[in-house]
Amino acid sequence: MPSVLLSACGNEAAEHINGAKEGAVISAILGLLQDYLQISGLKATMRPPEIPSAMVASIANRQHVDLLFCVRSNVSPGGARRPPQGCDICYHPASEKSRRLAEALQEHIRPIAVDPERVRTLPSPGLPDFRMAKCPAVQLRLGFRDHMDDAQWMLQRTGVISHALAKATTGWFEIPCKSPFSDIQATVNAPGGSLALRRAPAADAELLRPLPNGTRLTLLHREGEWQYVEFDGACGYVQRKFLQIK
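Heads up, the sequence shown is in my numbering, so the first residue is 44 and it goes up one at a time.
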């Protein structure tokens with residue numbers, strides 16, 4: 044069974060600009076990611092909290108894991124007048140597999156990001172928390188915690204982010220990505236004969252595709268009156284009131 048080691052590697056006590064705590068935000072994302080990976084048939088474990096994040100590569104080597112994910116938020120460099128924005132996926136430049144893993148993550152994160160063009164892969168030789176890992180390893184800096192749009196995205200899109208990371212990971216191992224909610228199916232039943240699948244949970248969000256009545260969807264998670272769903276490999280939001288849930 045392929046194995047993945049997950050590690051929060053930021054300052055847990057750091058405060059995001061919207062008041063959220065780093066530890067709570069990253070733990071929520073990693074916890075749901077772990078659920079996705081385990082139900083998909085992968086062995087997904089968390090770095091033990093008593094072990095410093097700087098030692099995570101040693102743990103990965105000792106456990107002979109197949110992938111290592113270190114996840115945190117980013118923060119502007121001192122003296123920056125305006126907080127930068129975006130998601131940085133860092134890898135060790137000496138590892139070709141880590142570079143390809145970073146590119147696979149980029150492919151899945153871009154469609155859900157606040158600004159897809161700001162999702163970058165970066166060679167970072169100086170990061171001690173994964174550079175010694177023998178397996179492919181990346182550090183995901185999901186967004187800048189001092190940029191409001193990024194901070195809100197990390198806080199409010201936990202399920203979307205976790206699902207994207209899970210799809211990239213299962214795709215790496217060439218196995219289907221299953222959902223902890225996959226037993227719940229729904230059928231579209233909307234006035235006018237179709238329901239809009241949107242990029243975000245808002246009536247004016249980008250339209251991804253119309254879903255004709257009778258379309259069967261896999262429910263992933265709920266955000267208020269909106270439902271995050273998957274259909275034919277595409278994921279997005281629909282208004283929950285127009286679904287017949289089985």
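Here a beta-carbon is modelled for each residue, glycine too, at the ideal position from N, C-alpha and C. Values in this document were obtained by computation on a predicted structure and should not be read as measured data.
If I follow the unbroken alpha helix (DSSP H) through residue 202, where does it start and stop? Locating residue 202 in the sequence shown gives position 159, counting from the first residue. Here the alpha helix (DSSP H) through residue 202 covers 201-215.
Could you check which residue in 137, 159, 208, 65 has the C-alpha nearest to that of residue 129? Taking the sequence shown and counting its residues from 1, one reaches residue 129 at position 86. Cα-wise, what sits closest to residue 129 is 159.
Quick check on the DSSP output: what are the complete alpha helix (DSSP H) runs of length 4 or more inside the segment 121-153, in order along the chain? Correct list: 139-152.
Within the same chain, show all residues whose beta-carbon is closer than 8 Å to that of residue 258, passing over the 5 residues directly before and after it, in chain order. In the sequence shown, the residue the question calls residue 258 occupies position 215. Once the five neighbours on either side are set aside, the close Cβ partners of residue 258 are 230, 231, 238, 274.
On the criterion of 16 or more Cβ atoms from any shown chain inside 10 Å, does residue 115 qualify as buried, or is it exposed? Residue mapping note: residue 115 aligns to position 72 of the sequence shown, counting from 1. Residue 115 should be labelled buried.
Taking buried to mean at least 16 other C-beta atoms within 10 Å of its own C-beta, is residue 202 buried or exposed? Counted from its first residue, the sequence shown places residue 202 at position 159. A residue is called buried once 16 or more other Cβ atoms fall within 10 Å of its Cβ, and residue 202 is buried on that count.
What three-state label does DSSP hand residue 219 in the structure shown? As a first step, residue 219 is located in the sequence shown; it is residue number 176 there, counting from the start. DSSP places residue 219 in the coil class of the three-state scheme, outside both helix and strand.
Can you give me the Cβ contacts of residue 289 inside the same chain, cut-off strictly under 6 Å, excluding the 5 residues immediately before and after it? In the sequence shown, residue 289 corresponds to position 246, counting from 1. Excluding sequence positions up to five before and after residue 289, its CB lies within less than 6 Å of the CB of 228, all in the same chain and listed in chain order.
So, are the CB atoms of residue 135 and residue 95 less than 9 Å apart? By one-based count along the sequence shown, residue 135 stands at place 92. By one-based count along the sequence shown, residue 95 stands at place 52. No, these two residues do not count as a Cβ contact at 9 Å.
Taking only the alpha-carbon atoms, compute the straight-line gap between residue 69 and residue 252 and give it to the nearest angstrom. Start at 1 with the first residue of the sequence shown, and residue 69 comes out as number 26. Start at 1 with the first residue of the sequence shown, and residue 252 comes out as number 209. Taking the straight line joining both Cα atoms gives about 31 Å.
Going by DSSP, what residue range makes up the alpha helix (DSSP H) through residue 72? For this step, residue 72 is matched to residue 29 along the sequence shown. Start and end: 65-82.
Any idea what DSSP makes of residue 51, helix, strand or coil? One-based indexing of the sequence shown puts residue 51 at position 8. Strand, per DSSP.
Let me make sure I understand the geometry here. Which of 132, 148, 187, 246 has the alpha-carbon closest to that of residue 125? As a position in the sequence shown, residue 125 is number 82, starting the count at 1. Residue 187 is the option with its Cα nearest to residue 125.
When we look at the beta-carbon of residue 219 and count the other beta-carbons within 10 Å, is it buried (16 or more) or exposed? Working through the sequence shown from its first residue, we reach residue 219 at position 176. Burial is judged here by how many other beta carbons sit within 10 angstroms of a residue's own beta carbon; residue 219 has fewer than 16 and is exposed.
Between the segment 45-57 and the segment 81-101, can you find at least three pairs of beta-carbon atoms closer than 8 Å? With a cut-off of 8 Å, the segment 45-57 and the segment 81-101 count as touching, because enough Cβ pairs lie within range.
Rounded to whole angstroms, how far is the Cβ of residue 254 from the Cβ of residue 206, which I believe are closer than 8 Å? In the sequence shown, residue 254 corresponds to position 211, counting from 1. In the sequence shown, residue 206 corresponds to position 163, counting from 1. Contact between residue 254 and residue 206 fails: their C-beta atoms lie close to 18 Å from each other, not under 8 Å.
Relative to the alpha-carbon of residue 191, which residue among 119, 204, 249 has its alpha-carbon at the smallest distance? Numbered from 1 along the sequence shown, position 148 holds the residue referred to as residue 191. Answer by Cα proximity: 119.
At 3 residues or longer, what runs of the beta strand (DSSP E) sit wholly inside the segment 250-285? Runs of the beta strand (DSSP E) inside the segment 250-285: 250-255, 259-266, 269-274, 277-282.
Between the alpha carbons of residue 147 and residue 109, how many angstroms are there, rounded? Translated into positions along the sequence shown, residue 147 becomes position 104. Translated into positions along the sequence shown, residue 109 becomes position 66. The alpha-carbon atoms of residue 147 and residue 109 are separated by roughly 15 Å.
Who are the near neighbours of residue 59 in its chain, counting only those whose CB is closer than 6 Å to its CB and skipping five residues on each side? Along the sequence shown, read from residue 1 onward, the residue named residue 59 stands at position 16. Around residue 59: 188, 194.
When the Cα atoms are used, what is the spatial distance from residue 75 to residue 272? Stepping through the sequence shown from its first residue, residue 75 is reached at position 32. Stepping through the sequence shown from its first residue, residue 272 is reached at position 229. The straight-line gap from Cα to Cα measures roughly 16 Å.
C-beta atoms of residue 173 and residue 233 nearer than 9 Å: The residue labelled residue 173 in the question sits at position 130 within the sequence shown. The residue labelled residue 233 in the question sits at position 190 within the sequence shown. Against a cut-off of 9 Å, the Cβ pair of residue 233 and residue 173 comes out as no contact.
Beta carbon of residue 221, beta carbon of residue 79: below 9 Å? Residue numbering aside, residue 221 sits at position 178 when the sequence shown is read from its first letter. Residue numbering aside, residue 79 sits at position 36 when the sequence shown is read from its first letter. Yes, they are a contact pair.
What is the rounded straight-line gap between the Cα of residue 66 and the Cα of residue 236? Within the sequence shown, the letter at position 23 stands for residue 66. Within the sequence shown, the letter at position 193 stands for residue 236. Using only the alpha carbons, I get a separation of about 44 Å.
Status (buried if at least 16 other CB within 10 Å, exposed otherwise) for residue 197: Position 154 of the sequence shown, counting from 1, holds the residue named residue 197. Under the 10 Å beta carbon count, residue 197 is surrounded by 16 or more other beta carbons and is classified as buried.
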